[in-house]
Amino acid sequence: MQFSEKVRVLRVSRHLTQQQLAEQMGVSVSYICKVENDGLQFGDYPSETFIQRLAATLNADEYDLMMLADKIPESIRIRIRERPTLFKAIAKLDDQGLDRLTLQLTN
Numbered sequence: 001m002q003f004s005e006k007v008r009v010l011r012v013s014r015h016l017t018q019q020q021l022a023e024q025m026g027v028s029v030s031y032i033c034k035v036e037n038d039g040l041q042f043g044d045y046p047s048e049t050f051i052q053r054l055a056a057t058l059n060a061d062e063y064d065l066m067m068l069a070d071k072i073p074e075s076i077r078i079r080i081r082e083r084p085t086l087f088k089a090i091a092k093l094d095d096q097g098l099d100r101l102t103l104q105l106t107n
């Protein structure tokens, strides 16, 4: 699912119109419309702060929205800088290796 689709699904599931969401977020309806329809230009992409507010307003997972918007949350960026060798090793894993690691981490 793309960021735009996720925002629309979350908004509709909360029974909010674009107008209501825009008012709650303090942005224009046209901006919400652009977010939901992939109509944003490069300079208009949602900021991390906007996504955090959006997640709070829609009672959504901030990390999920950040990742869908191709943004890495600050807490993850900090951990990557602290342990770059670890993250390089993880990035080199194939799907099976990632699956095994995920099982180990979630059990």
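Following UniProt numbering, the numbering of the sequence shown begins with 1 at its first residue and continues without gaps.
Think of the CB as a built atom: it goes at the ideal place given N, C-alpha and C, for glycine as much as any other residue.
As the structure is a computational prediction, the values presented were derived from the model and not from experiment.
Contact between Ile51 and Glu62 holds, with the beta-carbon distance rounding to 7 angstroms and staying under 8 angstroms. Look at Pro46 here: in three-state DSSP terms it is coil, with no helix or strand label. Selection Asp70, Arg81, Ile90 and Cys33 evaluated against Val9 yields Cys33 as nearest (Cα-Cα).
Under the DSSP assignment, Pro84 falls in the alpha helix (DSSP H) whose first and last residues are Pro84 to Lys92. A straight line joining the alpha-carbon of Thr102 with that of Arg11 spans about 31 angstroms.
When the five nearest sequence neighbours on each side are left out, the beta carbons in the same chain lying within less than 8 angstroms of the beta carbon of Met25 are those of Ile32, Phe50, Arg53, Leu54 and Thr57, in order along the chain. Separation of Glu5 and Pro46 (C-alpha to C-alpha, rounded to the nearest whole angstrom) is 14 angstroms.
Arg100 sits in a helix when the DSSP states are folded into three classes.
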